[in-house]
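Here the structure comes first, spelled out in structure tokens, and everything after it is commentary.
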Amino acid sequence: MRREAPQRLSDYGPLAFPAIMLTVFFVIPFGTMIAVSFFQRQQGGFYTPAFVFSNYERFLSLFFAHVLGFSLMLAVLVAVCCVAIGVPFTYLMTKMSRRAQIVWMVALLSVLSLSEVIIGFAWSTLLSRTAGITNLMVTLGLMDTAVALSPGFPAVLTAMVYQALPYTILVLYPALVRLDPTLTEAARTLGASPLKAFFTVVVPALRTTILATLIMVFIFALGSYLLPQILGRPQHWTLSVLITDQAIYQSNMPFAAAMAVFLVLVTLGMVALTLFAGRKREETT
Amino acid sequence: MSGLTLDAVRKDFGSFTAVNDVQLSVPHGTFVCMLGPSGCGKTTLLRMIAGLDLPTSGRVLLDGEDITAVPTHKRNLGMVFQSLALFPHLTVGENIAYPLRIRGAPREEQVKRVDELLSMIHLTGYADRPVAKLSGGQRQRVAIARALTRSPKLFLLDEPLSALDAKLREAMQVELRQLQQQLGITTIVVTHDQREAMTMADTVVVMNKGEIRQAASPMEIYRRPADTFVADFIGSTNLIDMETDSAGRAVALGQVIPGLSAPGGGKAIISIRPEDVDLTAPGSGGAILGTVTFVRDLGGTIETFIDCAGKQIIAVSTPRARPDVSVGQPVGVVLDPGVCVVLST
Numbered sequence: 682m683r684r685e686a687p688q689r690l691s692d693y694g695p696l697a698f699p700a701i702m703l704t705v706f707f708v709i710p711f712g713t714m715i716a717v718s719f720f721q722r723q724q725g726g727f728y729t730p731a732f733v734f735s736n737y738e739r740f741l742s743l744f745f746a747h748v749l750g751f752s753l754m755l756a757v758l759v760a761v762c763c764v765a766i767g768v769p770f771t772y773l774m775t776k777m778s779r780r781a782q783i784v785w786m787v788a789l790l791s792v793l794s795l796s797e798v799i800i801g802f803a804w805s806t807l808l809s810r811t812a813g814i815t816n817l818m819v820t821l822g823l824m825d826t827a828v829a830l831s832p833g834f835p836a837v838l839t840a841m842v843y844q845a846l847p848y849t850i851l852v853l854y855p856a857l858v859r860l861d862p863t864l865t866e867a868a869r870t871l872g873a874s875p876l877k878a879f880f881t882v883v884v885p886a887l888r889t890t891i892l893a894t895l896i897m898v899f900i901f902a903l904g905s906y907l908l909p910q911i912l913g914r915p916q917h918w919t920l921s922v923l924i925t926d927q928a929i930y931q932s933n934m935p936f937a938a939a940m941a942v943f944l945v946l947v948t949l950g951m952v953a954l955t956l957f958a959g960r961k962r963e964e965t966t
Numbered sequence: 060m061s062g063l064t065l066d067a068v069r070k071d072f073g074s075f076t077a078v079n080d081v082q083l084s085v086p087h088g089t090f091v092c093m094l095g096p097s098g099c100g101k102t103t104l105l106r107m108i109a110g111l112d113l114p115t116s117g118r119v120l121l122d123g124e125d126i127t128a129v130p131t132h133k134r135n136l137g138m139v140f141q142s143l144a145l146f147p148h149l150t151v152g153e154n155i156a157y158p159l160r161i162r163g164a165p166r167e168e169q170v171k172r173v174d175e176l177l178s179m180i181h182l183t184g185y186a187d188r189p190v191a192k193l194s195g196g197q198r199q200r201v202a203i204a205r206a207l208t209r210s211p212k213l214f215l216l217d218e219p220l221s222a223l224d225a226k227l228r229e230a231m232q233v234e235l236r237q238l239q240q241q242l243g244i245t246t247i248v249v250t251h252d253q254r255e256a257m258t259m260a261d262t263v264v265v266m267n268k269g270e271i272r273q274a275a276s277p278m279e280i281y282r283r284p285a286d287t288f289v290a291d292f293i294g295s296t297n298l299i300d301m302e303t304d305s306a307g308r309a310v311a312l313g314q315v316i317p318g319l320s321a322p323g324g325g326k327a328i329i330s331i332r333p334e335d336v337d338l339t340a341p342g343s344g345g346a347i348l349g350t351v352t353f354v355r356d357l358g359g360t361i362e363t364f365i366d367c368a369g370k371q372i373i374a375v376s377t378p379r380a381r382p383d384v385s386v387g388q389p390v391g392v393v394l395d396p397g398v399c400v401v402l403s404t
């Protein structure tokens, strides 16, 4: 079917609603934030319109560079872990019967209904010394004494992967379901073991989807600020935690806004870099 | 024994039997076409030979060795899928080199083999093209070449030409047959197109409802079908009820047919090909009287539809032997016992 290009102004009518929604709920708040990031902070939690760079200048310190680096590293790690677990898991899930797939999907969706707070405290209990899984290990004779696994970096990573995995699978599922099953069968008739067929056919054929999923989980993980606080030590706090801290507890809106803008810019830069790398690879193959 | 042997191979899906105790022996170097209506179990049988499905019971033997439990990737075979299953992320050359690459063969060997195969399928110089940029026939050839990269013992094709248009399909049939003869490889093709089977096969295996109805050469299948299903499925035929009268003579459509007899002296069915039905003037000796109901002149052939006591008989003749008939006229139908096949009911 060929669509005609819109001729008159009224032809753009159907676009009005999404355009208004986008303006009211995205463009205006985002613009406000950018504006506030240049405002002058006043003592007592207020700020006055101005055009100063002091908020950005304050950010350019070793401490914040360290936090930014840690946040990006954590988000990348969460994205990689989620995809590394999610792709094989979803692939095996698509091989199951329809009924089994529905059961798994419902279970995964139910994880999405949990709030970040509940996930955080559930994991902190599970990883605690007094009531955690190490007690089970002691009972089973696998460990001598129960130890605390939280707070710590592994705890933060585990909980964040747990939180992001259902999203990962939901994004991967449609692409994997559509993947022609005869591709793997063909690889097997050509001498590839099932594992080899997975890595030489399924993964490369899904390269674009995997790249998109990595970016989605990366951005999702960058915004996480509760789990690092509940399960991590102060050195495991992400930039999002500091933004929350500045905005809510220190009442320094301009500085919080400046940090948020910076985070957005760095994120966009990384996404662009990933897409660029992906496109480069596609051209060479 | 050299070649492929299926020994009482059976496949059940729940209470449905897709393949029912199939017994078949394919000598080395033979071209076999498995032919049957959709759902007859031919694809399931092929998948069991490939190891993609496991038989419920029975054995698959290749060169005398039981390979029933051998996983697909350890059987040395090449398979062309109906969807072709070319890897979309690889080029033509990479697709063909795939079996060598995963085995870690040296780069020079891969390039050499790809060049060999590309020249064999008349696509020299296409190695660096992405598969998405190929035409249907070219993709077909690439899929065939990829399946032959390892010089397999067994070449399996599942409806390989069904996606091509009629002209290209016929050309590919000839090409595939020539390729097979050149390589001398044992080949099994699943198809529902009888022209394809007749063109390519040494042996045609006609299947229905999970069972082999007849396995023989194309001419044998056409000339001496084993039962009414085969007679009707391969080409078109006239199936005429036959009885034995009190004197022991065969009677069809009210006319004694000398030289035929029903096995056991009861009822039977005569199969006669439309091109074997002769038309004469009404009232000739031994001819069955009928009325012409329709004449279809297709240029190359002329089909005459005749009503004989309520039974429709179709006769086909060439323009050179154009029968002198017109709609509504009486005509004599001659069933030559020499070309009639008597089948049990």
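First to last, the protein sequences are chains A and B.
Counted from 1, the first sequence has number 880 at position 199 by our numbering; the numbering is strictly sequential.
Counted from 1, the second sequence has number 397 at position 338 by our numbering; the numbering is strictly sequential.
Ideal placement from N, C-alpha and C gives every residue a C-beta, glycine not left out.
Query raised in the report: Relative to the C-alpha of A:Leu749, which residue among A:Ala941, A:Arg810 and A:Ala953 is closest?
Result: A:Ala941
Report task. Identify the continuous beta strand (DSSP E) that holds B:Lys370 and give its terminal residues. Result -> Lys370 to Ser376
Query raised in the report: Comparing alpha-carbon positions, which option in B:Leu177, B:Leu312 and B:Leu193 lies nearest B:Asn297?
Result: B:Leu312
**Report entry** Whether B:Asp125 touches B:Arg118 by CB criterion (7 Å)
**Finding:** yes
Report task. List the endpoints of the continuous alpha helix (DSSP H) containing A:Glu685. Result -> It is not in any alpha helix (DSSP H) - A:Glu685 carries neither H nor E in the DSSP assignment.
Query raised in the report: Going along the chain, which residues of its own chain have a beta-carbon closer than 8 Å to the beta-carbon of A:Thr881, five neighbours each way excluded?
Result: Ala868 and Ala873
Report task. Please determine if the region 207 to 225 of chain B and the region 133 to 146 of chain B are in contact, where contact requires at least 3 C-beta pairs separated by less than 8 Å. Result -> yes
Query raised in the report: What distance in whole Å lies between the Cβ atoms of B:Ile155 and B:Ala204, which are believed to be in contact at a cut-off of 8 Å?
Result: 5 Å
Requested in this report: May I ask you to report which of helix, strand or coil DSSP gives A:Thr966?
Outcome: Only weak support is given to the placement of A:Thr966: the predicted model assigns it a pLDDT of 46, under 50, and the question is left unresolved by the model.
Query raised in the report: Since B:Asp291 is in the alpha helix (DSSP H), which residue starts that stretch and which ends it?
Result: Thr287 to Phe292
Query raised in the report: Of all the options A:Pro915, A:Phe879 and A:Glu866, which has the alpha carbon lying nearest to the alpha carbon of B:Arg106?
Result: A:Glu866
Query raised in the report: Closest to B:Asp66 by CA distance: which of B:Gly369, B:Leu216, B:Ser84 and B:Thr76 is it?
Result: B:Ser84
Report task. Check whether the Cβ of A:Lys877 lies closer than 7 Å to any Cβ atom in chain B. Result -> yes
Report task. Identify every residue that forms a DSSP beta bridge with B:Gly137. Result -> B:Phe214
Query - A:Ala856 versus A:Arg779 - alpha carbon distance - result: 16 Å
Query raised in the report: Quick one: what does DSSP say A:Ala829 is sitting in, helix, strand or coil?
Result: coil
Query - Counted within 10 angstroms of its Cβ, other Cβ atoms place A:Gln916 as buried (16 or more) or exposed - result: exposed
Query raised in the report: If you follow the alpha helix (DSSP H) that A:Pro847 is part of, which residue opens it and which one closes it?
Result: Phe834 to Arg859
Query raised in the report: For A:Ala760, which of A:Asn736, A:Thr811 and A:Ser905 has the nearest alpha-carbon?
Result: A:Ser905
Report task. Give me whichever residues DSSP pairs with A:Gln723 in a beta bridge. Result -> A:Phe727
Query raised in the report: Since B:Ala186 meets chain A, which of its residues come closer than 7 Å, beta carbon to beta carbon?
Result: By Cβ distance, chain A contributes nothing, its closest Cβ being about 13 Å from B:Ala186, past 7 Å.
Report task. Identify whether B:Cys367 lies in helix, strand or coil by the three-state DSSP scheme. Result -> strand
Query raised in the report: Can you tell which of B:Ser343, B:Asp337, B:Lys70 and B:Asp300 has its C-alpha closest to the C-alpha of B:Ala327?
Result: B:Asp300
**Report entry** Alpha-carbon spacing of A:Leu753 relative to A:Ser921, whole angstroms
**Finding:** 11 Å
**Report entry** Buried versus exposed, by CB contacts within 10 Å (16 or more), A:Thr966
**Finding:** Low per-residue confidence applies at A:Thr966: pLDDT is 46, beneath 50, and the placement is therefore not dependable enough to give any value.
Query raised in the report: Cβ atoms of A:Ala902 and A:Ala845: under 7 Å apart, would you say?
Result: yes
Requested in this report: Can you check DSSP and say which residues form a bridge with B:Thr64?
Outcome: B:Ser84 and B:Leu120
Requested in this report: Count the CB pairs spanning the region 280 to 287 of chain B and the region 392 to 402 of chain B that are closer than 8 Å, and state whether there are at least three.
Outcome: yes
Query raised in the report: Is A:Ala829 closer than 7 Å to A:Ser809 when the C-beta atoms are compared?
Result: yes
Report task. Could you list which residues in chain B have their beta carbon closer than 7 Å to that of A:Pro885, in chain order? Result -> His148
Query raised in the report: Which runs of the alpha helix (DSSP H) fall wholly inside the region 180 to 207 of chain B and span at least 4 residues, in chain order?
Result: 195 to 207
Query raised in the report: Taking A:Gly801 as the reference, which of A:Thr919, A:Ile814 and A:Ser831 has the closest Cα?
Result: A:Ser831
Query - C-alpha gap between B:Leu223 and B:Val398, whole angstroms - result: 36 Å
Query raised in the report: Tell me, which residues are paired with B:Ser330 by DSSP?
Result: B:Leu298 and B:Val400
Query raised in the report: Would a check of beta-carbon distances place B:Pro158 closer than 7 Å to chain A?
Result: yes
Query raised in the report: Taking the C-alpha atoms as reference points, what is the distance between A:Pro699 and A:Asn933?
Result: 33 Å
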